[in-house]
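J.:
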Amino acid sequence: MTKDPAFLFYPKDYYEGTRMMLPEERACYMDLLIYQHQHGGIIPNDLKRLTMYCSGCDISTIQNVLDQKFNQTEDGWFNQKLEHLVNERSMGKPKKIASACFAGLISSSKLNKKQVIFLKKRFQILDFIKDNDILIIDETLIKTRVREWFNKMLNQMVENLANVNANVNANRNNGKGGAGEKPIALDEVVHLDLIKTEISNSIQWQEGLCRTYRISLVEIQEWLNKFHQIIWDDGEVEKSIKEYKKHFNRWLGIQIKTIDKKESELKNKTKKRLEKYGG
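For the sequence shown, the residue numbers in the numbering used here are 1123 to 1401.
(1) Does the separation of the CB atoms of glycine 1198 and proline 1166 fall below 8 Å?
(2) If we call anything under 8 Å between Cβ atoms a contact, is isoleucine 1317 one with isoleucine 1363?
(3) Output the distance between the C-alpha atoms of lysine 1170 and isoleucine 1181, rounded to the nearest integer angstrom.
(4) Where does glutamate 1360 fall in DSSP's three states?
(5) With a 10 Å radius around its C-beta and 16 neighbouring C-beta atoms as the bar for buried, classify leucine 1388 as buried or exposed.
(6) Report yes if the C-beta of glutamine 1158 is less than 7 Å from at least one heavy atom of the ligand ZN; otherwise report no.
(7) Under 8 Å, with one C-beta from each stretch per pair, do the stretch 1177-1194 and the stretch 1223-1239 reach the 3-pair mark?
(8) For phenylalanine 1200, does the three-state DSSP call read helix, strand or coil?
(9) Looking only at its chain, what residues have a beta carbon closer than 7 Å to the beta carbon of histidine 1159, apart from the 5 residues adjacent to it on each side?
(10) Give me, in chain order, the residues of the same chain whose beta-carbon lies closer than 7 Å to that of lysine 1298; leave out the 5 immediate sequence neighbours on both sides.
(11) Within a Cβ cutoff of 8 Å, which residues of the same chain sit near leucine 1355, ignoring the five residues on either side of it in sequence?
(12) When the distance is taken between beta carbons, is glycine 1178 closer than 8 Å to glutamate 1210?
(13) By DSSP, does lysine 1232 sit in helix, in strand, or in coil?
(14) Excluding the 5 residues flanking aspartate 1153 on each side, which residues of the same chain have their C-beta closer than 8 Å to its C-beta?
(15) In terms of alpha-carbon separation, which member of Ile1378, Leu1346 and Gln1351 lies closest to arginine 1336?
(16) Under the three-state reduction of DSSP, which class applies to isoleucine 1259: helix, strand or coil?
(17) Could you give the DSSP three-state label for glutamine 1190: helix, strand or coil?
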């Protein structure tokens, strides 16, 4: 790997962080940062040799700067902020390669909006540029890892969709509570299409919502359709029935309160107008 010829330098941070240092200490500090960057990230404990690198600085000055600005390890000294900046910069190119490859695969595949959102939420870039915390710089290897993951996810989505269709068809053929139908546990995470079918048959639960919010079953169905579309567009393709019901109940309460508030405000405005004009 070719050594990176530069590192980010923040003048404001440097200026404010060195104002209480003597001129020779500031010069020493800069020399030590350059040494760390150019020699593998570690400054040796051999202070006598460091006087050769930090021109015009004696051992006491070097020691003082190391104590102020660097952390000591068994192998030597290092500046934590510089190490962070170097690591971030070194990951810049691999990140761009992985991101560009992923974007290209998304663009060339015939995916709908929901599928794209689903993949983007699960695309963790560090999984493709690091292996056991070791940075991968081989462009071909990074692209291969992204493509393999992408194809695996596509296959998984196809399998999930096939399973959903099979379960939905089974429910239709057997009818609710029919022979051969496997009930869904409340905490079982399943596809939204399967949940929608189960929720549509939960008449007792729907009637409870009708009593709570004083609306009809028809209105409940309309709200369920809106809610289902919202979470589907957000890329949430899997949930448990328990989570779905809890989420819907909370969301519906907010919608009803918003409507009630608007109706109340409209009534107040109408009342004030009538009072003003003697109606």
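For glycine and all other residues, C-beta sits at the position ideal for the given N, C-alpha and C.
T.: In short:
(1) yes
(2) yes
(3) 7 Å
(4) strand
(5) exposed
(6) Judged by which ligands are present, the structure shown has none, so any question about the ligand ZN falls away.
(7) no
(8) strand
(9) Leaving aside the five residues that flank histidine 1159 on each side, the residues in its chain whose CB is nearer than 7 Å to its CB run, in chain order, Phe1129, Leu1204 and Val1208.
(10) Since pLDDT at lysine 1298 reaches only 48, below the 50 mark, its modelled position is unreliable, and no value is offered.
(11) Residue 1355 is actually aspartate in this sequence, not leucine. So the list reads Lys1235, Lys1236 and Ile1239, once near-sequence residues are dropped.
(12) At the C-beta level, glutamate 1210 and glycine 1178 stay beyond 8 Å of one another.
(13) coil
(14) Tyr1175, Cys1176, Ser1177 and Cys1179
(15) Arginine 1336 has its Cα closest to that of Ile1378, out of Ile1378, Leu1346 and Gln1351.
(16) Coil, per DSSP.
(17) helix
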